[in-house]
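Working notes for the structure below.
Residue numbers (this note's numbering): 2 to 286.
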């Protein structure tokens, strides 16, 4: 099969760029966290709430759950990122880190009120990860996933010039058939299709694994970068880091020059996707 740059073995790339990743990767909208917490708290209004964050990275999505009173266990396979997390959240007594893949992490079954992942669950083996989440959750517990999807760039001329660069240096390495044509605007109906859920999270739907009360919400936000910051952002993407060095260097050089030519500014239109389901056994909650 042709390589895409998103194969499971690529998930270790991020541990090489911990500080850069934390600085340049996008933050998630406050409204997304509010909706995720409202959904999770619906079946647990009291204290002693317990959560697992899968693939916590540098903790871009950790603080809102800690601040909402959850005891958060972050599962992060990278040793550098694990150390970064420990230091970043050292003031929190309700936080701990397990350095492990989620598949191998030793966690208690029927114990957690919330299990969530921010732009990370696509690295988990579906056959192991989805049933494991279900087993770990308490009855009524929430499975919450979120990520960012890019629509086309605002500047059409810039988009065309960048596409020509990618054709030479990116799609010459990856199978052109793996190229995704991004819609001008994402909708819930589009992203709820099993094929699109699979693209986002590497499984076809929460219902397949017994989750109910499944819902999806979207949040639109534009992010603006200068050329230098945009290159730093691209270099946090697994598929870009997996390019041969010659391709990657040439790609970044040409992209940087092109963005600089267009007033040194590029706008990405991000649609943040929140996908949630609940474990409810036959006896109810």
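Even glycine gets a Cβ: it sits at the ideal position worked out from N, Cα and C. Model, not experiment: these values are computed from the prediction.
Same chain, Cβ closer than 8 Å to residue 21, neighbours up to 5 away in sequence not counted = 233, 236, 237, listed in sequence order.
Since residue 63 contacts residue 97 with CB under 8 Å, what's their CB separation in whole angstroms?
-> Actually they do not touch by this definition, with Cβ atoms about 12 Å apart.
DSSP three-state call for residue 237: helix, strand or coil?
-> Correct three-state label for residue 237: coil.
DSSP-derived helix/strand/coil call for residue 147 = Looking at residue 147 - three-state DSSP - the assignment turns out to be strand.
CA-to-CA distance, residue 218 to residue 112, given in whole angstroms | Approximately 26 Å, taken between the alpha carbons.
Neighbourhood of residue 85 by C-beta distance below 6 Å, restricted to the same chain and skipping five residues each side | If the five residues before and after residue 85 are omitted, its C-beta is found closer than 6 Å to the C-beta atoms of 19, 59, all from its own chain and listed in chain order.
Based on Cα-Cα distance, which residue from 221, 253, 78, 171 lies nearest to residue 185?
-> Proximity to residue 185 across 221, 253, 78, 171 peaks at 221, based on C-alpha coordinates.
Quick one: what's got a C-beta closer than 7 Å to residue 131's C-beta in the same chain, skipping five residues either side?
-> Result list for residue 131: 204, 210, in chain order.
Of all the options 38, 137, 89, 208, which has the alpha carbon lying nearest to the alpha carbon of residue 61?
-> Minimum Cα distance to residue 61 is reached at 89.
For residue 129, is the classification buried or exposed, using 16 other Cβ atoms within 10 angstroms of its Cβ as the cut-off for buried?
-> Of the other Cβ atoms in all chains shown, fewer than 16 fall within 10 Å of the Cβ of residue 129; this residue is therefore exposed.
Grab me the residues of residue 93's own chain with a C-beta within less than 6 Å of its C-beta, minus the 5 sequence neighbours each way, in chain order.
-> The residues are 67.
Member of 106, 87, 70, 51 whose CA lies at the smallest distance from the CA of residue 76 = Closest by alpha carbon: 106.
Pick out the complete alpha helix (DSSP H) segments inside the region 187-227, 4 residues or longer, and give them in chain order.
-> Complete alpha helix (DSSP H) runs here, min 4: 189-192, 195-202.
Where the beta strand (DSSP E) through residue 35 begins and ends = First-last for residue 35: 31-42, but that is the alpha helix (DSSP H), not the beta strand (DSSP E).
Touching by the beta-carbon criterion (3+ pairs, under 8 Å), the region 222-230 and the region 264-276 = The region 222-230 is in contact with the region 264-276.
Same chain, Cβ closer than 6 Å to residue 170, five either side skipped, listed in chain order | If you ignore the 5 residues before and after residue 170, its C-beta comes within less than 6 Å of the C-beta of 248, 251, 252, all in its own chain and listed in chain order.
Rounded straight-line distance, which links the Cα of residue 118 to that of residue 109 = Rounded to the nearest whole angstrom, the C-alpha separation of residue 109 and residue 118 is 18 Å.
Identify every residue that forms a DSSP beta bridge with residue 113.
-> Residue pairing by DSSP places residue 113 opposite 138 in a beta bridge.
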